[in-house]
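Residue numbers (full-length UniProt numbering): 1 to 660.
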């Protein structure tokens with residue numbers, strides 16, 4: 001990852017986001033305490049004081065939320081550094097998280113579940129923690145995307161190796177909401193995976209906004225980045241359906257996907273007009289339809305942003321920017337068609353049928369008393385309709401400027417004001433050129449323009465298979481056999497003696513190999529070897545990854561000397577299920593996160609001195625001291641009932657406790 005202490009504009013914003021998250025957490029805790037006291041007390045004087053305190057806390061939270069919104073609309077920091085004259089694009093900020101120490105939980109699980117010396121896996125655990133720490137400050141390029149995907153894929157291995165579906169591991173993951181700053185704390189690895197996916201999508205949006213929109217290659221890269229961002233967010237919405245954070249709720253993700261596709265459509269229009277827009281009839285018809293499409297998609301984005309429950313949490317300035325862009329691009333569409341009607345009178349050499357067909361495709365209906373062919377031929381009607389479109393273009397431009405002026409955050413974005421003002425002046429100038437004394441007789445209302453695009457913008461699904469990662473805990477054995485879902489006996493040592501050149505058993509399977517056709521009368525069977533046992537080592541050499549031929553070769557090379565092999569037997573998973581499941585999510589109330597943190601902090605203060613915390617933006621754990629404490633949930637769950645059906649990894653999200 002990037003150096004988190006680097007004084008770049010983006011790192012400063014992320015640091016400010018981290019500070020705001022902590023302030024919001026404190027304010028939320030104070031509000032929760034005040035509300036509890038208000039419910040508990042019957043003293044009127046105390047109730048008045050608590051209500052007064054609550055009003056102060058709520059005001060403070062509103063101010064902090066506005067500051068966080070200011071960070072979300074700080075779009076200038078993420079734009080390309082080249083001098084541009086384009087409306088800014090909106091990126092997503094990365095979700096912040098707290099440090100997680102995997103050391104003790106994973107070491108304990110390796111010793112308990114896999115019956116191996118956990119000290120031999122300290123480097124692998126440190127590598128995992130280093131990778132997670134680096135993912136908090138990814139570089140804004142393909143290398144950063146690849147690193148986040150690597151960690152996401154690595155989490156799949158970790159989930160299968162160390163997180164059984166029957167219990168939690170005592171690892172608490174804390175992620176802050178990107179829009180509200182409220183933390184979500186869970187012992188569910190799926191929260192970690194979903195948050196990493198969100199950050200992959202957010203990083204794609206930052207890459208897209210950073211592209212140079214003054215070049216063809218830059219616009220192509222921007223379109224691709226926004227399509228990939230939409231694909232990742234869409235995958236997140238479909239795969240993790242019950243995420244407990246507002247910014248990853250299905251409704252919010254649906255809006256974000258629409259916004260990214262709209263920004264991709266906007267870049268497509270800029271790409272078409274980059275070489276310059278020729279003042280030619282059919283070129284202007286095409287540009288009219290393309291820019292009308294951009295206006296339409298932003299109108300749909302604005303409508304989605306103003307629907308419940310998204311409206312309460314989406315930044316207000318984002319909604320207003322979508323409205324401004326919708327009005328701006330609609331105005332451009334009317335300006336283009338007005339240029340067609342005012343500047344391109346039908347000449348004798350023009351293809352009358354082609355122009356009629358092209359112009360009729362722009363309208364769903366014509367104003368009463370007008371026909372397309374008549375408008376093309378009649379100079380007066382043509383001019384009247386053109387002025388009507390110019391009048392509507394000016395109306396939309398003025399509306400965009402009005403909305404921009406009402407929003408404090410957008411009012412301070414200079415380039416946005418410049419683009420809107422320049423487009424407005426251009427339409428006013430065009431209207432002034434057409435103005436005559438009989439304007440009051442023109443009562444035509446300009447019809448709406450039908451949007452159309454030749455460039456279909458769709459989400460690009462994430463291609464995780466292109467990133468090759470190696471399981472950090474490869475030495476534990478093949479994942480199909482050595483996983484958290486399966487329980488094993490501790491390795492047993494069997495002394496093998498060759499009896500007239502025969503072993504007394506056969507081998508089958510892939511890696512690791514299994515005992516097959518065991519002779520009950522052979523010496524190995526008398527020493528405890530069983531049918532179906534897995535061989536994990538031969539002569540002290542690990543052979544979990546060896547096939548049948550390789551293991552047989554090792555056994556044959558021994559000759560007449562006895563050899564030691566280590567075998568394990570599969571246990572009945574149901575019978576060996578842990579009786580203690582205090583951290584199991586089913587039956588827990590849905591608002592434990594902050595209470596849980598408070599209880600654990602009190603518990604640490606009473607029992608022992610808490611270890612010194614590392615700085616928020618420190619990175620690299622490989623050379624760090626290996627031991628650390630693990631924060632767990634309270635040790636009892638009231639009213640927990642036995643679960644009769646088998647839970648899939650994704651159903652845990654449905655029952656997992658959350659802040660909301």
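Yeah, the Cβ is synthetic: ideal placement off N, Cα and C, and Gly gets one too.
Could you tell me which of the options sits nearest to residue i, measuring between CA atoms?
i           : options            : result
residue 145 : 196, 20, 428, 490  : 196
residue 89  : 100, 448, 413      : 413
residue 279 : 149, 543, 343, 549 : 343
residue 36  : 24, 51, 241        : 51
residue 363 : 281, 286, 448, 520 : 448
residue 474 : 23, 103, 162, 28   : 162
residue 355 : 283, 418, 106, 541 : 283
residue 463 : 87, 235, 203       : 235
residue 300 : 259, 288, 264      : 259
residue 302 : 319, 311, 308      : 319
residue 456 : 410, 119, 223, 86  : 223
residue 126 : 102, 112, 108      : 102
residue 541 : 527, 45, 565       : 565
residue 187 : 505, 167, 199, 198 : 167
residue 110 : 534, 505, 508, 477 : 477
residue 554 : 142, 507, 121, 367 : 507
residue 325 : 117, 399, 527, 123 : 399
residue 191 : 212, 517, 242      : 242
residue 120 : 106, 129, 133      : 106
residue 461 : 550, 204, 43       : 204
residue 136 : 221, 199, 185, 171 : 199
residue 116 : 497, 482, 42, 519  : 482
residue 211 : 467, 406, 141      : 141
residue 248 : 313, 221, 220      : 313
Among all the DSSP beta bridges, which residues are the ones paired with residue i?
i           : result
residue 542 : 537
residue 493 : 566
residue 253 : The partner list for residue 253 (beta bridge, DSSP) is empty, contrary to what the question assumes.
residue 215 : Answer by DSSP bridge pairing: none, since residue 215 is not bridged.
residue 516 : 506
residue 184 : 175
residue 488 : 570
residue 363 : 449
residue 97  : 175
Does the beta-carbon distance from residue i to residue j come in below 8 Å?
i           : j           : result
residue 304 : residue 255 : yes
residue 157 : residue 479 : yes
residue 662 : residue 229 : The structure shown does not extend to residue 662, since the chain is modelled only from 1 to 660, so the question has no answer here.
residue 291 : residue 332 : yes
residue 151 : residue 131 : yes
residue 494 : residue 529 : yes
residue 297 : residue 269 : no
residue 488 : residue 571 : yes
residue 263 : residue 459 : no
residue 27  : residue 64  : yes
residue 491 : residue 548 : no
residue 358 : residue 393 : no
residue 31  : residue 68  : no
residue 189 : residue 159 : yes
residue 315 : residue 206 : no
residue 34  : residue 57  : yes
residue 87  : residue 416 : yes
residue 246 : residue 288 : no
residue 661 : residue 164 : The structure shown has nothing for residue 661, since the chain only spans 1 to 660.
residue 420 : residue 317 : no
residue 370 : residue 390 : no
residue 251 : residue 184 : no
Could you round the C-beta distance between residue i and residue j to whole angstroms and report it? I think they count as a contact, below 8 Å.
i           : j           : result
residue 387 : residue 431 : 7 Å
residue 360 : residue 397 : That pair is no contact at about 26 Å.
residue 328 : residue 446 : Actually they do not touch by this definition, with Cβ atoms about 17 Å apart.
residue 532 : residue 514 : 6 Å
residue 148 : residue 138 : 6 Å
residue 307 : residue 403 : At roughly 19 Å, the Cβ-Cβ gap does not stay under 8 Å, so residue 307 and residue 403 are not in contact.
residue 382 : residue 376 : 7 Å
residue 202 : residue 240 : Residue 202 to residue 240, Cβ: 15 Å. No contact.
residue 182 : residue 24  : 6 Å
residue 472 : residue 104 : Incorrect: roughly 17 Å between the Cβ atoms, too far for contact.
residue 47  : residue 38  : 6 Å
residue 524 : residue 496 : 6 Å
- Query: Three or more beta-carbon pairs under 8 Å between the stretch 204-223 and the stretch 264-283, yes or no?
  - Reply: yes
- Query: Do the stretch 160-179 and the stretch 97-107 touch if we need at least three Cβ pairs shorter than 8 Å?
  - Reply: yes
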